[in-house]
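Step one of this worksheet: look at the structure below.
Numbering (the numbering used here), first residue to last: 2 to 253.
Right under this line is the structure:
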């Protein structure tokens with residue numbers, strides 16, 4: 002099992018069972034938790050032919066680490082083949098609508114990345130793009146928070162984000178960056194064609210070179226007293242507005 006990694010939490014483990022049960026090697030559960038939720042998971046594991054093992058909670062605590070809220074369930078899994086390895090795989094695939102990307106510039110909090118992946122899945126984003134350096138990757142916490150979205154939304158880590166943005170623009174993708182002081186308003190920006198929305202890291206926003214490479218910069222209109230939003234909340238607002246416009250355009 003040297004090539005295996007762990008998933009923890011009910012959402013992440015159940016999602017993997019539903020989508021790629023063959024990649025689940027075994028599931029370890031807290032022997033002292035046998036509520037309805039656990040019984041449902043055990044039933045699905047049995048149907049999928051996946052071995053389960055009851056263990057002490059302390060063992061699960063050790064496997065998940067200090068910040069791992071495993072909820073009494075951990076799965077050992079092997080990675081399944083990734084259908085998309087770079088942006089060109091997405092652009093050249095048989096999409097049923099104009100390409101739709103979320104770009105995250107240096108998001109370091111795994112909870113934020115997991116939440117962004119979950120929103121991206123809900124809004125039909127074709128891939129999430131992020132830099133390899135100074136950003137969190139797909140670790141166990143990200144996968145748990147994503148509640149299965151890390152298994153369904155392609156996550157493409159790139160070496161040079163500015164170059165990737167230029168490649169998207171060359172392919173006809175309109176790249177919209179978000180900043181607090183942008184002259185344009187999200188709600189007044191056309192977002193229904195080939196699109197990539199760029200959001201920045203917690204506190205710092207998108208980097209200068211990233212901002213300069215975008216086609217345009219927009220701000221999210223704020224109607225209350227707060228001045229900024231968590232990146233996952235901001236991504237939800239931006240992606241929903243884009244999906245709203247795309248849905249309207251598809252009916253015309």
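Beta carbons are placed, not taken as given, at the ideal position from N, Cα and C, and that holds for glycine.
Bear in mind that the values here come from a model prediction, so they are computed numbers and not experimental data.
Practice task
With DSSP collapsed to three states, give me the class of residue 33.
Solution key: Reduced to three states, the DSSP call for residue 33 is coil.
Handout entry: Separation of residue 166 from residue 216, as counted between CA atoms
Key = Going from the Cα of residue 216 to the Cα of residue 166 covers about 9 angstroms.
Problem - Reduced DSSP category for residue 132 - H, G, I as helix; E, B as strand; rest coil - result: Strand, per DSSP.
Problem - For residue 86, the nearest candidate out of 228, 127, 118 (CA to CA) - result: Just measuring C-alpha positions, the residue of 228, 127, 118 sitting nearest residue 86 is 127.
Exercise for the section: To the nearest angstrom, report how far apart residue 56 and residue 62 are at their CA atoms. Expected result: Going by the C-alpha atoms only, they are around 11 angstroms apart.
Exercise for the section: Name the two residues that bound the continuous alpha helix (DSSP H) containing residue 197. Expected result: Careful: residue 197 lies outside any alpha helix (DSSP H), inside the beta strand (DSSP E) at 196-201.
Handout entry: Three-state class that DSSP yields for residue 20 in the structure shown
Key = Helix, per DSSP.
Problem - 4 or more residues per run - each alpha helix (DSSP H) lying fully within the region 173-252 - result: DSSP runs (the alpha helix (DSSP H)) wholly in the region 173-252: 209-214, 232-251.
Practice task
Could you tell me which uninterrupted alpha helix (DSSP H) segments, each at least 4 residues in length, are contained entirely in the region 139-167, listed from first to last along the chain?
Solution key: Counting only runs of 4 or more, we get 141-147.
Practice task
My understanding is that residue 50 touches residue 202, with C-beta atoms under 8 angstroms, so please give their C-beta distance in whole angstroms.
Solution key: Not confirmed; about 42 angstroms, so no contact.
Practice task
List the DSSP bridge partners of residue 9.
Solution key: 75, per the DSSP bridge assignment.
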